[in-house]
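For the sequence shown, my numbering gives the first residue as 1, with consecutive numbering after it.
For every residue, glycine included, the Cβ atom is placed at its ideal position computed from N, Cα and C.
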Amino acid sequence: RAPAAYAQVDFALTDRLVLTGGIRYNHERKDVSRLLVSGPGTPAELTLIDIGYGDVPDAVYNSFSPAASLRFDLTERVNVYARYARGFKSGGFNGETTELVAATTACPSGAIELCQPYRPEKVDSYEVGLKSRLLDNRLQLNIAAFWDEHRDIQLSVFRGSGALSLSVLNAASSRIRGVELEFTARPSSAFTVSGSFALLDAKYKRFIDGGVDVSDNRAFPHAPRYTASVSTDWRVIEGDWGRLNLLADLNFVDSYYTYPYALAAPPSTTQVAGNSEAPSRAIVNARAILADLPIGGMKGEISLWARNLFQQRSPSNFIDFGPSFGGMTLAFYPDPRTFGATFGLRF
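Put into structure tokens, the structure is as follows:
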């Protein structure tokens, strides 16, 4: 059960200065149930986990999340702003855990993490930025800088031990900061280019593992240092017969880790962050479109396209199965270079 209430108000302090305030209240109550039986229907049948609804105390989460922003219009087409907001990500139970324990007063026969839910994650987010429309609306430029302080950050950790198990743990507090830029430019009525660039700096402030702060030796997952993209749309020719557009886009992602494992460890340790580090990669797609073709009172469209034009082969995600599975690591690769054509009618 998760009822919530939200309110927001805008107040014009002057003709150019606007203050916005908001607040959100969340109330969440969660219960858990799981039955896991080994060898069902055989003489060796054994109940490993038997937890029903109501067997463990409900997890209850209450959160007040305020937000406030101040916007100042420098001109009719340029404004600057500052914003603060508190975010809330609910806690819960690890329903897939396989860390079995004997029945106790606190936990029926089953998994200890089913009886001890992980805590909600909270973040205080600060942002300043500029939004603009320039050169007679031919250029839209937005710039933002942000600083986020996370508490009880939730991390997914693979903890397979004879069976697959993914657990969410409250392992750390962190600081995430960065700068983002995005633009759309239209130098002529026939050509449009848009793009974005982001610089990210993510760092653990505290990461407790086995009672020890290991924040200097843990990878921050899915936090590439740089990301960038650019896309173009060029209307090459247009007439009564229709129009021809050429489109292309490029997406770049810097290298990043996929699990919050140790950056450095003894040689005997197989589950380290480097095993599942995704290399930097750039993927280019292209498309040619013949559109608005008059066909018997209807409009036709023919599209020729190519995806992953330069055959980027770097993996984008991993599953590190750890020492219990012989150090096996599964990699996920992008689709190979693919060509295709599509035809459509609009009537």
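Positions of the beta strand (DSSP E) runs, each at least 3 residues long and wholly inside the region 214-252, are given as 226-239 in order along the chain.
A distance below 7 angstroms separates the beta carbons of Y81 and S69. Judged by DSSP secondary structure, E113 falls within the alpha helix (DSSP H) whose first and last residues are 112-115. DSSP places N317 inside the beta strand (DSSP E), whose first and last residues are 317-320. Sorting R29, P294, G21 by C-alpha distance to the C-alpha of P3 places R29 at the top.
With respect to the 7 angstroms criterion, D249 and S231 are classified as neighbours on the basis of their beta carbons. Where P3 is concerned, there is no enclosing beta strand (DSSP E), because DSSP gives it neither an H nor an E.
Two segments are said to touch when three or more pairs of C-beta atoms, one from each, lie closer than 8 angstroms; by this definition the region 188-204 touches the region 215-223. A residue is called buried when at least 16 other Cβ atoms come within 10 angstroms of its Cβ; N62 does not meet this threshold and is exposed. In the structure shown, N26 falls within a strand segment according to DSSP collapsed to helix, strand and coil.
Around the beta carbon of Y333, a 10 Å sphere encloses fewer than 16 other beta carbons of the protein chains shown; the residue is thus reported as exposed. By the beta-carbon neighbour count (other beta carbons within 10 angstroms, threshold 16), R1 is exposed.
Spatial neighbours of L13 in its own chain (CB-CB distance under 7 angstroms, excluding positions within 5 residues in sequence) are listed in chain order as L19.
N275 sits in a helix when the DSSP states are folded into three classes. Its chain contains R29, K30, D31 as the residues whose beta carbon lies nearer than 8 angstroms to that of D58, once the 5 sequence neighbours on both sides are disregarded; these appear in chain order.
A Cβ-Cβ distance of about 11 angstroms is found for the pair D148 and E121, leaving them out of contact under the 8 angstroms criterion. Judged by DSSP secondary structure, P334 falls outside any beta strand (DSSP E); it is assigned neither H nor E. Going by beta carbons, A85 and A67 fall inside the 7 angstroms limit. Secondary-structure assignment with DSSP links M298 through a beta bridge to I295.
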